[in-house]
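Protein chains in written order, with my numbering: chain A, 7 to 800; chain B, 123 to 386.
Every residue, glycine too, gets a C-beta built ideally from N, C-alpha and C.
Structure first, commentary second.
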Amino acid sequence: MPEGTVNQGIGASVRRKEDKRFLIGKGNYTDDINRAGQLHVYFLRSPVAFADIVSINKQKAEKASGVAAILTGEDVAADGLGGPICGWVPTNKDGSAPSEPPHPILANGRVRYVGDHVAAVFAETLDQAMSAAELIDVTYSEMPAITDLKTAIDSTQIHDGMENNTYFDWELGDEAATNDAFDKAATIVNVDIRNNRVIPNAMEPRAAVADYNTGDGRYTLFTTSQNPQLTRLVIGAFMLNIPESKFRVVAPDVGGGFGSKIYVYPEEAVCVWASKKLGRAVKWTADRTQAFLGDAHGRDHISEVKLALDKNNRITGLRVDTLANLGAYLSAFAMVTPTYLHGTLLSGVYDIPAIYTNVKGICTNTVNVDAYRGAGRPEATYLLERTMDVAAKQVGMDPAEFRRLNFIPKDAFPYQTAVALQYDVGDYEPLLDRAMAMIDYANFESRRAKSAKNGKCRGIGISTYIEACGIAPSAVVGALGGRVGLYESAVVRVDPTGTISVLTGTHSHGQGHDTTFAQIVCDKLGVGIETVEIVHGDSDRTPFGMGTYGSRSLAVGGTAISKALDKVIAKGKIIAAHMLEAADADIEFKDGKFTVMGTDREKSFGEIALSAYVPHNFPHDRLEPGLEETSFYDPLNFTYPSGTHIAEVEIDPATGVVELVDWVCCDDFGNLINPMVVEGQVHGGIAQGVGQALYEEAAYNDNGQLLSASYMDYCMPRADHFPSLKVENLVTACTHNDLGVKGCGEAGAIASPPAVINAVVDALSPLGVTDITMPATPQKVWQAIQAAQTKAAE
Amino acid sequence: MYSTKYVKAKDIDDAATIMASAEDGKFLAGGMTLIPTLKQRLANPDCLVDLSACGLSAINDDGSSIRIGAMTRHVDVAESALVQKAIPAIADLAGHIGDRQVRNHGTIGGSLANNDPAACYPAALLALGGTVHTQNRSITAEDYFDGMFETTLEEGEIIREVSLPKPEKAAYVKFPNPASRYAMVGVFVAKFADGVRVAVTGAGEDGVFRASDLEAALDANFSADAIADGTVSADGLMSDIHASAEYRAHLIGEMTRRAVKACG
Numbered sequence: 007m008p009e010g011t012v013n014q015g016i017g018a019s020v021r022r023k024e025d026k027r028f029l030i031g032k033g034n035y036t037d038d039i040n041r042a043g044q045l046h047v048y049f050l051r052s053p054v055a056f057a058d059i060v061s062i063n064k065q066k067a068e069k070a071s072g073v074a075a076i077l078t079g080e081d082v083a084a085d086g087l088g089g090p091i092c093g094w095v096p097t098n099k100d101g102s103a104p105s106e107p108p109h110p111i112l113a114n115g116r117v118r119y120v121g122d123h124v125a126a127v128f129a130e131t132l133d134q135a136m137s138a139a140e141l142i143d144v145t146y147s148e149m150p151a152i153t154d155l156k157t158a159i160d161s162t163q164i165h166d167g168m169e170n171n172t173y174f175d176w177e178l179g180d181e182a183a184t185n186d187a188f189d190k191a192a193t194i195v196n197v198d199i200r201n202n203r204v205i206p207n208a209m210e211p212r213a214a215v216a217d218y219n220t221g222d223g224r225y226t227l228f229t230t231s232q233n234p235q236l237t238r239l240v241i242g243a244f245m246l247n248i249p250e251s252k253f254r255v256v257a258p259d260v261g262g263g264f265g266s267k268i269y270v271y272p273e274e275a276v277c278v279w280a281s282k283k284l285g286r287a288v289k290w291t292a293d294r295t296q297a298f299l300g301d302a303h304g305r306d307h308i309s310e311v312k313l314a315l316d317k318n319n320r321i322t323g324l325r326v327d328t329l330a331n332l333g334a335y336l337s338a339f340a341m342v343t344p345t346y347l348h349g350t351l352l353s354g355v356y357d358i359p360a361i362y363t364n365v366k367g368i369c370t371n372t373v374n375v376d377a378y379r380g381a382g383r384p385e386a387t388y389l390l391e392r393t394m395d396v397a398a399k400q401v402g403m404d405p406a407e408f409r410r411l412n413f414i415p416k417d418a419f420p421y422q423t424a425v426a427l428q429y430d431v432g433d434y435e436p437l438l439d440r441a442m443a444m445i446d447y448a449n450f451e452s453r454r455a456k457s458a459k460n461g462k463c464r465g466i467g468i469s470t471y472i473e474a475c476g477i478a479p480s481a482v483v484g485a486l487g488g489r490v491g492l493y494e495s496a497v498v499r500v501d502p503t504g505t506i507s508v509l510t511g512t513h514s515h516g517q518g519h520d521t522t523f524a525q526i527v528c529d530k531l532g533v534g535i536e537t538v539e540i541v542h543g544d545s546d547r548t549p550f551g552m553g554t555y556g557s558r559s560l561a562v563g564g565t566a567i568s569k570a571l572d573k574v575i576a577k578g579k580i581i582a583a584h585m586l587e588a589a590d591a592d593i594e595f596k597d598g599k600f601t602v603m604g605t606d607r608e609k610s611f612g613e614i615a616l617s618a619y620v621p622h623n624f625p626h627d628r629l630e631p632g633l634e635e636t637s638f639y640d641p642l643n644f645t646y647p648s649g650t651h652i653a654e655v656e657i658d659p660a661t662g663v664v665e666l667v668d669w670v671c672c673d674d675f676g677n678l679i680n681p682m683v684v685e686g687q688v689h690g691g692i693a694q695g696v697g698q699a700l701y702e703e704a705a706y707n708d709n710g711q712l713l714s715a716s717y718m719d720y721c722m723p724r725a726d727h728f729p730s731l732k733v734e735n736l737v738t739a740c741t742h743n744d745l746g747v748k749g750c751g752e753a754g755a756i757a758s759p760p761a762v763i764n765a766v767v768d769a770l771s772p773l774g775v776t777d778i779t780m781p782a783t784p785q786k787v788w789q790a791i792q793a794a795q796t797k798a799a800e
Numbered sequence: 123m124y125s126t127k128y129v130k131a132k133d134i135d136d137a138a139t140i141m142a143s144a145e146d147g148k149f150l151a152g153g154m155t156l157i158p159t160l161k162q163r164l165a166n167p168d169c170l171v172d173l174s175a176c177g178l179s180a181i182n183d184d185g186s187s188i189r190i191g192a193m194t195r196h197v198d199v200a201e202s203a204l205v206q207k208a209i210p211a212i213a214d215l216a217g218h219i220g221d222r223q224v225r226n227h228g229t230i231g232g233s234l235a236n237n238d239p240a241a242c243y244p245a246a247l248l249a250l251g252g253t254v255h256t257q258n259r260s261i262t263a264e265d266y267f268d269g270m271f272e273t274t275l276e277e278g279e280i281i282r283e284v285s286l287p288k289p290e291k292a293a294y295v296k297f298p299n300p301a302s303r304y305a306m307v308g309v310f311v312a313k314f315a316d317g318v319r320v321a322v323t324g325a326g327e328d329g330v331f332r333a334s335d336l337e338a339a340l341d342a343n344f345s346a347d348a349i350a351d352g353t354v355s356a357d358g359l360m361s362d363i364h365a366s367a368e369y370r371a372h373l374i375g376e377m378t379r380r381a382v383k384a385c386g
């Protein structure tokens with residue numbers, strides 16, 4: 007870095023470049039986009055959970071003011087359209103293929119959840135479309151709704167031919183070795199776990215604007231996507247049969263996704279289809295009710311967990327049997343989330359010689375369930391970290407020390423788990439030690455006593471987590487049933503005057519890539535951050551890439567950028583060698599200058615860029631002009647962030663209200679590019695995890711009606727629910743990517759729920775409470791106290 | 123929302139006249155319930171009669187009571203020096219309704235006319251033994267509430283103002299619904315020379331009600347200790363995903379104790 011300049015490179019807490027446009031209202035979201043002559047579409051949704059459609063009478067509606075067309079499942083079938091596909095299909099334990107029932111983009115003869123798409127009404131205005139939808143007369147022949155995970159297996163087939171309403175029955179691990187561990191165990195710990203169903207609640211609801219140009223036969227779709235290239239591939243190749251070259255998909259500014267905007271939903275495909283069919287651009291924006299009813303929900307597991315310990319309290323075996331509610335249709339990553347993103351994480355940060363897990367993916371009359379911030383890993387972490395606390399209590403050990411005893415030791419890396427993953431690097435004890443010091447764990451009992459004097463129950467809860475992010479390599483993904491590659495792409499385009507555009511296949515919808523990725527460029531090329539633009543989200547501009555989810559963007563996408571930058575530097579050195587009349591090997595690049603080593607002869611980066619595009623004095627015999635390099639990077643392994651989070655709560659036993667009074671965490675994300683952005687990601691993740699632990703619940707009743715379908719009944723975490731979060735980091739650098747980085751986007755959501763619930767149970771344990779399910783609402787806490795007191799009185 | 127006709131009435135008589143000529147009109151006060159209802163197409167009135175220009179916003183002290191105009195916003199009640207001095211519990215209640223935006227629009231008359239079973243003001247009116255004054259008559263609190271979202275207001279009847287007798291002591295304590303922040307249980311305790319009145323909102327299947335057992339215990343001894351185990355029957359209380367009737371019954375006892383303590 008040149009002297010006197012502000013550090014904008016790797017490790018600097020640079021303020022986010024993108025914030026200005028958001029703060030002054032100059033963002034450009036899908037709903038901000040309008041096309042000349044556009045129609046508005048409103049989706050008539052099923053009011054019942056499970057029914058055959060006897061008839062749809064749309065005659066009256068078609069004549070309503072402003073209506074251009076009404077399309078139904080019959081039109082979809084007539085045009086031979088496909089539905090959203092599943093992107094990763096693991097094999098059943100008996101070697102057979104899972105069920106992939108069709109998902110028509112408009113219901114054809116049967117509706118399977120409240121909110122299922124029955125008809126698409128196109129009109130000049132949204133109000134006209136909504137009014138016309140009310141005139142459509144649909145006769146349903148209702149069947150009893152199937153919403154309960156345990157009884158779904160014995161109920162009516164939701165999809166004809168899919169037995170036991172089971173999409174798949176999958177296993178991982180060595181069952182015989184695990185059974186053996188239990189046979190020989192000194193202690194067996196049994197825990198029933200419920201991972202509550204949550205609703206993603208991205209601030210910006212989903213939206214789409216589709217336009218078909220009859221002149222050149224090209225479609226353009228603007229949509230709220232975390233991975234516009236995948237959207238193009240799925241809609242183009244699998245649903246509407248549009249050549250990719252004739253299909254541009256743009257995900258402009260997107261206001262949060264948390265997983266829910268990974269998948270292709272029926273609405274955007276209907277917009278694209280109708281834009282050609284009706285010869286008009288089509289616009290759709292979900293309202294909040296549609297978001298509650300229609301966005302893929304998260305979590306919703308029930309698990310039976312068994313842990314075997316030897317006489318020294320070392321873990322010898324773990325068995326987990328899980329039922330995962332996947333909803334009425336299979337969403338893109340519904341099958342991989344509870345399997346390969348869940349079962350493979352069951353070893354956590356612990357040395358567990360034998361693990362076996364069985365997961366059944368169950369179909370119910372509820373909206374689809376898919377990846378939600380953390381995707382399988384929070385579910386694995388929650389059940390494991392709750393079980394660690396129950397086990398510690400059962401054997402009379404401090405939960406911190408029980409964890410420490412079972413940690414994978416620092417010298418055991420690379421560590422092969424019993425569930426397929428090989429952790430490359432990690433060091434868990436310092437993270438635990440630091441977090442315990444941060445919260446003054448040693449003196450907790452005096453704080454508990456002080457709270458008790460005020461009539462409050464105080465508790466402390468630990469979560470020592472690992473996550474696997476940056477899913478890879480593609481070859482392994484493919485071998486395990488993945489239908490996608492999981493590399494990432496980058497183009498570094500240096501302009502003649504030395505400014506730089508980086509075209510990435512990832513997508514930023516709140517993560518701060520405009521800043522973080524630019525810092526990598528600043529660091530490598532020694533240029534100022536203002537000279538760097540990050541371009542993402544437009545299939546006409548960016549190379550094919552896989553988008554943003556699974557905390558992959560930096561570890562995979564950032565590494566691709568780094569590799570493309572290395573190519574730029576390598577080419578620049580050859581140009582510099584030519585211009586400086588030196589040997590390639592004598593050129594070094596530092597602080598934005600190419601220098602002949604040991605001399606003061608140098609060319610600036612800008613001079614080299616200009617020479618590449620005005621190649622008058624240029625090594626034409628060795629190089630083509632221009633300075634633009636591409637990298638497609640396929641990692642060798644996942645990255646494995648880890649850390650310790652500790653929560654402290656105070657509970658008012660008279661009301662059951664849980665107050666979070668302190669939070670500390672010490673995470674290992676490898677090298678940090680922008681510590682401030684990382685801290686923000688951790689804060690957001692913790693807030694979401696605390697939301698799941700204390701407040702959020704997608705509640706369906708027996709009729710399959712979503713009871714928590716608005717903010718009147720769905721409780722989101724609020725700023726005043728939180729103490730100041732204390733966030734620190736330690737670093738073990740990832741061993742297999744150039745930047746030594748891991749991933750931080752999901753960690754908070756993965757680590758926090760068990761920390762909260764462990765703290766709540768710890769607080770209530772003096773009253774005899776031994777367990778509580780998420781969310782630990784005031785009512786549930788109060789009921790748990792009542793039940794424990796009744797039991798004690800008996 | 124459906125399209126509708128919007129009319130701003132000049133005064134209360136004008137409002138009544140316009141309403142009489144509408145087929146299915148609605149009075150618009152602060153609109154904090156009505157507007158979201160319209161936006162969700164859950165109501166389809168042919169006419170909205172806006173009461174904001176009817177001169178119904180005022181706060182006065184008539185010695186034994188305070189009188190609050192129907193269109194007085196929550197923020198104005200909360201910040202009124204008069205209310206803070208005369209019945210501080212009312213200022214406190216108004217200052218904790220909804221959020222800042224709601225308090226800047228919502229009105230006492232709109233809240234009482236809507237009689238949401240989880241609204242705060244009904245508890246105050248009933249506990250203080252207040253009176254609702256319309257363009258035609260005066261209705262005591264006892265005669266005013268008529269079940270969930272129902273009142274004895276007749277078609278076209280408009281609340282002009284509300285009078286609230288000054289108690290010796292009063293306090294309102296609310297346990298908010300975790301999601302909506304409406305009262306899941308709200309208890310208004312008012313101590314008068316001739317007895318204690320305890321009104322409960324957020325909990326009853328028929329809306330706001332008086333907790334007579336708690337009142338009797340507090341009449342005998344106005345202290346939280348007097349109702350240490352006090353509660354109400356769960357019969358007739360609401361049950362939903364946030365709170366069972368039993369939990370609400372428990373919270374009524376607890377919030378009442380807290381309100382009595384807050385009375386000082």
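Figure out for me which residue from the options has the closest Cα to the Cα of residue i.
i	options	result
residue 317/B	265/B, 339/B and 297/B	339/B
residue 542/A	209/A, 172/A, 56/A and 255/A	255/A
residue 37/A	260/A, 686/A and 246/A	260/A
residue 410/A	597/A, 117/A and 321/A	321/A
residue 56/A	726/A, 722/A, 709/A and 328/A	709/A
residue 175/A	454/A, 99/A, 706/A and 163/A	99/A
residue 1/A	76/A, 365/A, 263/A and 54/A	Since the first residue shown for chain A is 7 and the last is 800, residue 1/A is missing from the structure and cannot be characterised.
So what's residue i in DSSP terms, helix, strand or just coil?
i	result
residue 540/A	strand
residue 177/A	strand
residue 201/A	strand
residue 373/B	helix
residue 329/A	strand
residue 119/A	coil
residue 152/A	coil
residue 250/B	helix
residue 287/B	strand
I want to verify the contact list: residues of chain B whose CB lies under 9 Å from the CB of residue i, in sequence order.
i	result
residue 720/A	301
residue 701/A	300 and 301
Note down, in chain order, every chain A residue with its Cβ under 8 Å from the Cβ of residue i.
i	result
residue 364/B	719, 783 and 785
Identify the contact partners of residue i in chain B, using a Cβ-Cβ distance below 7 Å as the criterion.
i	result
residue 713/A	363
Against residue i, what residues of chain A qualify as contacts under a CB-to-CB distance less than 7 Å, listed in chain order?
i	result
residue 373/B	661
residue 376/B	660 and 661
Give the residues of chain B in contact with residue i, contact being defined as C-beta atoms less than 8 Å apart.
i	result
residue 136/A	163
residue 788/A	369 and 372
- [ ] Kindly confirm or deny that the region 494 to 505 of chain A and the region 630 to 641 of chain A touch, where touching means at least three C-beta pairs closer than 8 Å.
- [x] yes
Task: Touch test, the region 773 to 784 of chain A against the region 137 to 144 of chain B, Cβ-Cβ under 8 Å, three pairs minimum - done: no
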